[in-house]
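Have a look at the structure below, then the notes.
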Amino acid sequence: MDAWEAAVTGRAPGVVRVGLAVPLSGPLAMTAPSALGLATLAAGELTEAGGVRGRAVELVTVDAGRRPAEVGADVAALQAAGALDVVVGFSTSDVSHAVARVLAGRTPYVFTPPHEGGRVTRGALRIGSSPLAQHAAALAWLVRHRRARRWVLLGTDYVWPQAVHRAARAVLRDLGADVVGELLVPFGPADPGPALDLVRRSGADAVLLSLVGRDLVTFNRAFGRAGLGRRVVRLSGALEENGLYAIGGDDTGELYACMPSFAAAAAAAADATDEGQLALQERLAAHAGPDAPVVCAYARGVHDGIRAAAGLLDDRTATRPRPPRVRLARADGLVFREVGPPA
Numbered sequence: 001m002d003a004w005e006a007a008v009t010g011r012a013p014g015v016v017r018v019g020l021a022v023p024l025s026g027p028l029a030m031t032a033p034s035a036l037g038l039a040t041l042a043a044g045e046l047t048e049a050g051g052v053r054g055r056a057v058e059l060v061t062v063d064a065g066r067r068p069a070e071v072g073a074d075v076a077a078l079q080a081a082g083a084l085d086v087v088v089g090f091s092t093s094d095v096s097h098a099v100a101r102v103l104a105g106r107t108p109y110v111f112t113p114p115h116e117g118g119r120v121t122r123g124a125l126r127i128g129s130s131p132l133a134q135h136a137a138a139l140a141w142l143v144r145h146r147r148a149r150r151w152v153l154l155g156t157d158y159v160w161p162q163a164v165h166r167a168a169r170a171v172l173r174d175l176g177a178d179v180v181g182e183l184l185v186p187f188g189p190a191d192p193g194p195a196l197d198l199v200r201r202s203g204a205d206a207v208l209l210s211l212v213g214r215d216l217v218t219f220n221r222a223f224g225r226a227g228l229g230r231r232v233v234r235l236s237g238a239l240e241e242n243g244l245y246a247i248g249g250d251d252t253g254e255l256y257a258c259m260p261s262f263a264a265a266a267a268a269a270a271d272a273t274d275e276g277q278l279a280l281q282e283r284l285a286a287h288a289g290p291d292a293p294v295v296c297a298y299a300r301g302v303h304d305g306i307r308a309a310a311g312l313l314d315d316r317t318a319t320r321p322r323p324p325r326v327r328l329a330r331a332d333g334l335v336f337r338e339v340g341p342p343a
């Protein structure tokens, strides 16, 4: 249901309304089809299983890819109209902060992706990983197994990358590795030249990427064209399947990701296959057809978040979800293969 339609009609009897705050525009918009697909799958499965205390689950979409104030205003209007029982979604952290401030603990908020850590806002539940939990084991594995000792930290200039860089500095220091450069850039189309020059000048043998969405894709494409891909390790805490497809895959053997889930091809990598991930992809295909979008880490988080939200609203199933198992995977063509131990 559209947000304004929900605001006008208000709360519907016999229905649980879930505000689905996901990026339909902006840098993370490439993940929208996956997120919408798995959100409708989760809502449909919950409804078929009896719903929440007998009430069907209905989704109300809010575009979380806009400016924080705009997203917050939409959520505030929905809350004032009594149109929402809970809000679930992912976005950049500046947007999530705006949503949490507006809800102010009066409506539950389940934030699903990796987050910046720190104090949790009243009424909010974060089911993703903190920067340290997500990156520590991956950094350690790369330092020990790929001899990645000179690091450049490159990210977008907002809350989550800043927190990732703080955590990475501490981890790398303890591992005896060096941070030889750091750059935070604004959102949006930008010349990747200065970042590439920093990697070259610094003599880095590894780059930690906390760019997100479209900006991450743009940089990785430029990185490959510059001929750096085979000699400089890249690690990202935001690269997922849609992003890997968008850069055209990778066959350098030096592009790594530490997101909570990866889809591996069963026939090609039976030992690395995540059976739960593949089962989820099969259920999505049965729900949405053979052209269903790929199950990516962001979308899987939304699926889990809607189920967690149902638990919050239904005391019979109210349990705190376990944090996702963070893994290190190498991009191999258009799939990820797990290579490191679980964090």
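Position one of the sequence shown corresponds to residue 1 (UniProt numbering), numbered consecutively onward. Heads up, the beta-carbon is just placed ideally off N, CA and C, and yes, glycines get one too.
query: Any idea what DSSP makes of F111, helix, strand or coil?
result: What you label residue 111 is simply residue 111 of the sequence shown in a count that begins at 1. Here F111 sits in strand by DSSP.
- prompt: Since S25 is in the beta strand (DSSP E), which residue starts that stretch and which ends it?
  reply: Translated into positions along the sequence shown, residue 25 becomes position 25. S25 -> no beta strand (DSSP E), and no H or E assigned at all.
query: Would the beta-carbon of D215 fall within 9 Å of that of T156?
result: Indexing the sequence shown from 1 puts residue 215 at position 215. Indexing the sequence shown from 1 puts residue 156 at position 156. Their beta carbons are under 9 Å apart, which means D215 touches T156 by this criterion.
message: If distances are taken between C-alpha atoms only, which option among A286, C258 and P290 comes closest to S129?
response: Taking the sequence shown and counting its residues from 1, the one referred to as residue 129 is at position 129. Among A286, C258 and P290, the Cα nearest to that of S129 belongs to C258.
- request: Verify whether the separation of the beta carbon atoms of V75 and L313 is less than 9 Å.
  value: Walking along the sequence shown from the start, residue 75 turns up at place 75. Walking along the sequence shown from the start, residue 313 turns up at place 313. No, they are not a contact pair.
- prompt: alpha helix (DSSP H) containing D215: first to last residue?
  reply: Here residue 215 is taken as the residue at index 215 of the sequence shown, counted from 1. Taken as a continuous stretch (DSSP letters only), the alpha helix (DSSP H) holding D215 covers G213 to R225.
task: Would you mind working out which of T47, P192 and G117 sits nearest L154, comparing C-alpha positions?
output: Counted from its first residue, the sequence shown places residue 154 at position 154. Comparing Cα positions, the closest option is P192.
message: Let me confirm a value: V8 is counted as buried when at least 16 other C-beta atoms fall within 10 Å, else exposed. Which label applies?
response: Position 8 of the sequence shown, counting from 1, holds the residue named residue 8. Result: exposed.
message: I need the straight-line Cα distance from V232 to A29, nearest angstrom please.
response: Translated into positions along the sequence shown, residue 232 becomes position 232. Translated into positions along the sequence shown, residue 29 becomes position 29. Approximately 28 Å, taken between the alpha carbons.
- prompt: What number of angstroms, rounded off, separates the C-alpha of F223 from the C-alpha of Q79?
  reply: Translated into the one-based positions of the sequence shown, residue 223 becomes position 223. Translated into the one-based positions of the sequence shown, residue 79 becomes position 79. Cα to Cα, F223 sits roughly 44 Å from Q79.
message: To the nearest angstrom, how far is the alpha carbon of L175 from that of A133?
response: Locating residue 175 in the sequence shown gives position 175, where the first residue counts as 1. Locating residue 133 in the sequence shown gives position 133, where the first residue counts as 1. Taking the straight line joining both Cα atoms gives about 16 Å.
message: Given a cut-off of 9 Å on the beta-carbon distance, is the pair W160 and H115 in contact?
response: Stepping through the sequence shown from its first residue, residue 160 is reached at position 160. Stepping through the sequence shown from its first residue, residue 115 is reached at position 115. Yes, they are a contact pair.
message: Please give me, in chain order, every unbroken run of the alpha helix (DSSP H) with length at least 4 that falls completely inside the region 153 to 221.
response: 159 to 175 and 193 to 202
- prompt: Secondary structure at L255, three-state DSSP: helix, strand or coil?
  reply: Taking the sequence shown and counting its residues from 1, one reaches residue 255 at position 255. Of the three classes helix, strand and coil, the one that applies to L255 here is strand, per DSSP.
message: If the criterion is Cβ atoms closer than 9 Å, does the pair G10 and A73 meet it?
response: Within the sequence shown, residue 10 is the residue found at index 10, counting from 1. Within the sequence shown, residue 73 is the residue found at index 73, counting from 1. Not closer than 9 Å, so no.
query: Going along the chain, which residues of its own chain have a beta-carbon closer than 8 Å to the beta-carbon of R149, five neighbours each way excluded?
result: Residue 149 sits at position 149 when you count from the first residue of the sequence shown. Counting only Cβ-Cβ distances below 8 Å, and skipping sequence neighbours, we find V143, G176, A177, D178, D205 and A206.
- prompt: Where does A270 fall in DSSP's three states?
  reply: Translated into the one-based positions of the sequence shown, residue 270 becomes position 270. Caution applies to A270, whose pLDDT of 45 falls short of 50 and renders its modelled position unreliable; the value that the coordinates give is listed next. DSSP places A270 in helix when its eight states are reduced to three.
message: Classify A83: buried if its beta carbon has 16 or more other beta carbons within 10 angstroms, exposed otherwise.
response: Working through the sequence shown from its first residue, we reach residue 83 at position 83. It counts as buried.
- request: Could you spell out where the alpha helix (DSSP H) holding L132 opens and where it closes?
  value: Start at 1 with the first residue of the sequence shown, and residue 132 comes out as number 132. Per DSSP, L132 belongs to the alpha helix (DSSP H) from P131 to H145.
message: Using only the alpha-carbon positions, how far apart do Y256 and D250 sit?
response: To locate residue 256, count along the sequence shown from 1; it is residue 256. To locate residue 250, count along the sequence shown from 1; it is residue 250. Going from the Cα of Y256 to the Cα of D250 covers about 10 Å.
- prompt: Which word fits A272, buried or exposed, when buried means at least 16 other C-beta atoms lie within 10 angstroms of its C-beta?
  reply: As a first step, residue 272 must be located in the sequence shown, where it is residue number 272. Only weak support is given to the placement of A272: the predicted model assigns it a pLDDT of 45, under 50, and the question is left unresolved by the model.
- prompt: Nearest-angstrom Cα distance between A267 and R147?
  reply: Position 267 of the sequence shown, counted from the start, is the residue given in the question as residue 267. Position 147 of the sequence shown, counted from the start, is the residue given in the question as residue 147. Per-residue confidence for A267 stands at a pLDDT of 44, beneath the threshold of 50, marking its modelled position as unreliable; no derived number is given.
- prompt: Per DSSP, R150 is paired with what?
  reply: For this step, residue 150 is matched to residue 150 along the sequence shown. Paired residue(s): D178.
message: Are the CB atoms of G65 and S91 within a distance shorter than 9 Å?
response: In the sequence shown, the residue the question calls residue 91 occupies position 91. In the sequence shown, the residue the question calls residue 65 occupies position 65. Yes, the pair counts as a contact, with Cβ atoms nearer than the cut-off.
Residue range of the unbroken alpha helix (DSSP H) whose run includes R330: Residue numbering aside, residue 330 sits at position 330 when the sequence shown is read from its first letter. Segment A329 to D332 is the beta strand (DSSP E) holding R330; no alpha helix (DSSP H) there.
message: Need the endpoints of the beta strand (DSSP E) that G89 sits in, please.
response: Locating residue 89 in the sequence shown gives position 89, where the first residue counts as 1. Element bounds for G89: V86 to G89.
- prompt: Can you tell me whether DSSP reads A56 as helix, strand or coil?
  reply: For the purposes of this step, residue 56 is taken as the residue at position 56 of the sequence shown. Of the three classes helix, strand and coil, the one that applies to A56 here is strand, per DSSP.
query: Just the Cα atoms here: how many angstroms apart are A163 and R126?
result: The count along the sequence shown starts at 1 and reaches residue 163 at position 163. The count along the sequence shown starts at 1 and reaches residue 126 at position 126. Their Cα atoms are separated by approximately 16 Å.
message: Below 8 Å on the Cβ atoms is my contact criterion, and I expect R17 with V60 to pass it. Report the Cβ-Cβ distance as a whole number of Å.
response: Numbered from its first residue, the sequence shown carries residue 17 at position 17. Numbered from its first residue, the sequence shown carries residue 60 at position 60. Contact flag correct, Cβ pair sits at about 6 Å.
- prompt: Beta carbon of V302, beta carbon of G14: below 9 Å?
  reply: Within the sequence shown, numbered from 1, the residue matching residue 302 stands at position 302. Within the sequence shown, numbered from 1, the residue matching residue 14 stands at position 14. No, these two residues do not count as a Cβ contact at 9 Å.
- prompt: Using the C-alpha atoms, what's the distance from L41 back to G54?
  reply: As a position in the sequence shown, residue 54 is number 54, starting the count at 1. As a position in the sequence shown, residue 41 is number 41, starting the count at 1. Cα-Cα distance, rounded: 18 Å.
message: Less than 9 Å between the beta carbons of L20 and A35, yes or no?
response: As a working mapping, residue 20 is identified with position 20 in the sequence shown. As a working mapping, residue 35 is identified with position 35 in the sequence shown. Contact: yes.
field: Bridge partners - F262, DSSP secondary structure assignment
entry: In the sequence shown, residue 262 corresponds to position 262, counting from 1. In DSSP, F262 forms no bridge with anything.
query: Would DSSP call T61 helix, strand or coil?
result: Residue numbering aside, residue 61 sits at position 61 when the sequence shown is read from its first letter. Of the three classes helix, strand and coil, the one that applies to T61 here is strand, per DSSP.
Close Cβ partners of I247 (< 8 Å) along its chain, the five nearest in sequence each way excluded: Looking up residue 247 in the sequence shown gives position 247. Here the set comprises V217, N220, R221 and G224.
field: V294 versus G105: straight-line alpha-carbon distance, rounded
entry: Against the sequence shown, residue 294 aligns to sequence position 294. Against the sequence shown, residue 105 aligns to sequence position 105. The alpha-carbon atoms of V294 and G105 are separated by roughly 33 Å.
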